[in-house]
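Data block below; observations after.
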Amino acid sequence: MLAQQRQQAILERVRRNGAARVADLVRELGVSDMTIRRDLEVLAERGLIEKVHGGATATGAGSTEEPGFAAKSVRQQPEKEAIARRAASLVRPGTSVALSAGTTTWTLAHHLLDVPELTVITNSVQVADVFHRSGRPDQTVVLTGGVRTPSDALVGPVAVAAIRRLNVDTLMLGVHGMNARAGFTTPNLLEAETDRELVGAAQQLVVLADHTKWGTVGISTIAKLEEAHVVISDVGLPEDARAALSDQAGSLLITDPSETAQVVAQ
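Going by the UniProt record's numbering, 16 is the number at position 16 of the sequence shown; the sequence numbering is gapless.
Next up, the structure:
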């Protein structure tokens, strides 16, 4: 296969799925890791894709454009891991915690598998699957039901009705974007409604958002910055964002992905 044909195949895959991993492209196209990375560089220079850690995503994102779970899963992986570890340290045994849909909360779910006697409420198919595969007998998992979105969230009247009857200690909320004016936002109107119900059901709101979420504004607001008791982000968060969040949110926790990587390597 010629380079031009290979790059076209990569572009079509990224546009079709919203993202592509280098490892998957190497296997499917039968070329080296370095060759795929060069192809991604060429496509990125032409503005056809966006290079991210471990792969590439489709370009462009309006206020109503909603990336799929696969597309988001390859973005800011080290940052999400660091944020998830810090969030997990806030969860105590024997408590109830709600996890919204998203790849950061999905990462967090893996770190909660060892927390005993935990009750988990979620509207995420992917998050529920993490706990289902673990099968820990002293953990209770409640999946809300609802209409499935591209990001594998369950939303709409069924989800809202289920959440409305619940009370949880803590909500771990993943968001599409955040800024000082719009607060925490999502590109999906039904998901915003469902997430707002989760916010109302929780005694404490903890928002998990890596630095790239600052300045991104989805069409619908889930919560204002001041509604968050804790916001967990990473060292890439710009100073103006830190100032706004420190001023309006209850507490801002900054994580360092490089420190997390060192812990994993030991």
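Glycine included, C-beta positions come from ideal geometry on N, C-alpha and C.
Item: Which residue from E239, V230, L171 and Q126 puts its Cα closest to that of H211?; Value: E239
Item: Going along the chain, which residues of its own chain have a beta-carbon closer than 6 Å to the beta-carbon of D256, five neighbours each way excluded?; Value: V235
Item: Kindly indicate which residue of R181, K51, A243 and L252 has the alpha-carbon position closest to the one of A223.; Value: R181
Item: Are the segment 153-162 and the segment 82-99 touching by the rule of at least three beta carbon pairs closer than 8 Å?; Value: no
Item: What does R148 pair with, by DSSP beta-bridge criteria?; Value: L154
Item: Count the other CB atoms, across all protein chains shown, that sit within 10 Å of the CB of E28; report buried if there are 16 or more and exposed otherwise.; Value: exposed
Item: Given A249, which residues of its chain have a CB within under 6 Å of its CB, disregarding the five upstream and five downstream residues?; Value: L225, A228 and V231
Item: Have a look at the DSSP bridge pairing and note the partners of Q179.; Value: The identity of residue 179 in the sequence shown is Asn, whereas the question assumes Gln. The partner list for N179 (beta bridge, DSSP) reads G183.
Item: List the whole-angstrom C-beta distance separating E197 from V160, where the pair is believed to meet the contact cut-off of C-beta under 8 Å.; Value: 5 Å
Item: May I ask you to report which of helix, strand or coil DSSP gives A243?; Value: helix
Item: Would you call N123 buried or exposed, if buried means 16 or more other Cβ atoms sit within 10 Å of its Cβ?; Value: buried
Item: Using the Cα positions of R136 and L208, report the straight-line distance between them to the nearest angstrom.; Value: 25 Å
Item: Beta-carbon within less than 7 Å of A162's beta-carbon, same chain only, minus the 5 sequence neighbours each way: which residues are those?; Value: T144 and G145
Item: For L143, which residues does DSSP report across the bridge?; Value: T122
Item: Counting only runs that start and end within the segment 88-113, where is the alpha helix (DSSP H) found for 4 or more residues in a row?; Value: 103-111
Item: Identify every run of the beta strand (DSSP E) within the segment 2-46, keeping only runs that are complete inside it and at least 3 residues long; order them along the chain.; Value: 19-21
Item: Which residue wins for smallest C-alpha separation from R165, given the options L43, V199 and A101?; Value: V199
Item: Please report the Cβ distance between L11 and I36, rounded to the nearest whole angstrom; I am assuming they are in contact, meaning their Cβ atoms lie under 8 Å.; Value: That belief does not hold up - the Cβ atoms of L11 and I36 are roughly 13 Å apart, past 8 Å.
Item: Using three-state DSSP, classify D234 as helix, strand or coil.; Value: strand
Item: Provide the residue(s) that pair with K224 in DSSP beta bridges, ordered along the chain.; Value: Beta-bridge pairing links K224 to no other residue.
Item: Using the C-alpha atoms, what's the distance from V26 back to A44?; Value: 18 Å
Item: For A56, does the three-state DSSP call read helix, strand or coil?; Value: strand
Item: Please report the distance separating the alpha-carbon of A88 from that of H176.; Value: 20 Å
Item: How big is the Cα-Cα spacing for S251 and T170?; Value: 15 Å
Item: For A243, count the other beta carbons within 10 Å of its own beta carbon; 16 or more makes it buried, fewer makes it exposed. Which is it?; Value: exposed
Item: Just list the residues that DSSP pairs I83 with in beta bridges.; Value: Partner(s): none; I83 has no beta bridge.
Item: Can you tell me which of the three DSSP states A265 falls into?; Value: Because A265 carries a pLDDT of 38, less than 50, the predicted location of this residue cannot be relied on, and the following value inherits that uncertainty. Helix, per DSSP.
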